[in-house]
């Protein structure tokens, strides 16, 4: 390693004057404000070049000198004991400082920072469990995985969403409460960098699904403070995006290739053919990603308004989460769902086709899909295996699966109304 590199990796801790010289070497023009800097403004031992990558240093250089000093003071005044990535934390402080500066231009007074968590209680929890706490400007994450954990992370259904959390509450209150339901895998408390308070919600993943169900039963509508009741529900980890206003003449493979260019992790594109022309889609599609994290990244990139798909301004939103029935419920299903049906396929033709495998009680066709009700489940399974993927016309293959039991009608109507409102709002914002 070069001697200059070794010098750059030394700690900024020897003295306030050395601390100032180090800072001035990475921020051009800082040395001109020698009178502005006072010894003790920056906390010795907290700022190390080894912790700051080029991205953070370059971002710091863009600030005026007084702004850079203010950012560094705020950074070193923060509790960094549980911050694993100081470079990312500094970038978060810079972003928050810009936002605060815009907000305080109209207000002369700045509110004092709220009281933080009880550090003694947090230390006792960490010592007892052996978990770690990782703090960023946007969230406080406890655990994940627990000490000694082997194997994959907990499967779907192990995470709960906790809402209506009073803003002054931290994980030192939440962890002991939610441990009552079972062993916690991790807890993520979402934070507002501007107020240094929580955003009113958190995600808690348990090691076992039974613990998550117990947490919902035990703690939903729990009075965590006098007159303050939290809401707890099973979290649906959404991997799917809804994309509207796509060209109707584009097929599944073309859409997969196009959207794969903008974000990684796309595994499937779901389209619905027009009932009148099977070669055309209905002007929207669903993008299925390998994880919620990949879907979130894709949503951020596709929602900027700068990306056009074959010249079209697309509308992107989370797909409405589908409540998946449990295995016990699906094991009783005797109804098949068939889609991609052409207009020539009638209910009579479908009944004749499916009845080759067993008695069909009734068939109900709606536009380009249908439900086929069998008398016996084994006959339904045999028909599904034999007929799935059968060609039903030029360029059209029938897809057959077990039908999910109907969900609550009022809940479905509410979901549709909410989606309509979101899309209208997005279109209005796009027009502004």
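Residue numbers (our numbering): 3 to 434. All C-beta atoms, glycine included, are put in the ideal place defined by N, C-alpha and C.
Status (buried if at least 16 other CB within 10 Å, exposed otherwise) for residue 158: exposed
Classification of residue 182 by the beta-carbon crowding that lies within 10 angstroms, buried from 16 upward: exposed
Continuous alpha helix (DSSP H) assignments of at least 4 residues falling wholly in the stretch 379-404: List check, alpha helix (DSSP H) in window: 379-389.
Cβ contact (3+ pairs, closer than 8 Å) linking the stretch 340-351 and the stretch 245-253: no
In DSSP terms, what residue 290 is bridged to: 242 and 270
Beta strand (DSSP E) segment containing residue 193, residue limits: In this chain, the beta strand (DSSP E) harbouring residue 193 covers 186-194.
CA nearest to the CA of residue 273, picked from 263, 241 and 288: 288
Whole-angstrom C-beta distance between residue 144 and residue 175, which should lie under 8 Å: That belief does not hold up - the Cβ atoms of residue 175 and residue 144 are roughly 12 Å apart, past 8 Å.
Residue 362 to residue 369 span [Cα, whole Å]: Looking at the two C-alpha atoms, the distance is approximately 20 Å.
Residue range of the unbroken alpha helix (DSSP H) whose run includes residue 322: It is not in any alpha helix (DSSP H) - residue 322 carries neither H nor E in the DSSP assignment.
At least three beta-carbon pairs within less than 8 Å, the stretch 157-171 to the stretch 202-221: A contact exists between the stretch 157-171 and the stretch 202-221.
Chain-order list of residues whose beta-carbon lies under 6 Å from that of residue 125 (same chain, five-residue window excluded): none
Contact check, residue 226 vs residue 232, beta carbons under 8 Å: Yes. Within cutoff.
Cα-Cα separation, residue 262 to residue 241: 15 Å
Residue environment, residue 73, which counts as buried when at least 16 other CB atoms sit within 10 Å: buried
Proximity below 8 Å, CB of residue 275 to CB of residue 282: In terms of Cβ geometry, residue 275 and residue 282 form a close pair [threshold 8 Å].
Alpha-carbon to alpha-carbon, residue 210 and residue 357: Distance between the alpha carbons of residue 357 and residue 210 is about 43 Å.
6 Å Cβ shell around residue 270 - same chain, five flanking residues per side excluded: 290
Simplified DSSP state of residue 43, which is helix, strand or coil: Note that residue 43 has pLDDT 39, beneath the 50 cutoff, so the model's placement of it is unreliable and the number below is only indicative. The answer is coil: DSSP assigns residue 43 none of H, G, I, E or B.
Rounded C-alpha distance that separates residue 30 from residue 65: Model confidence at residue 30 stands at a pLDDT of 42, short of 50, so the residue's coordinates are unreliable; what they give is reported in the following sentence. For residue 30 and residue 65, the distance between alpha carbons rounds to 10 Å.
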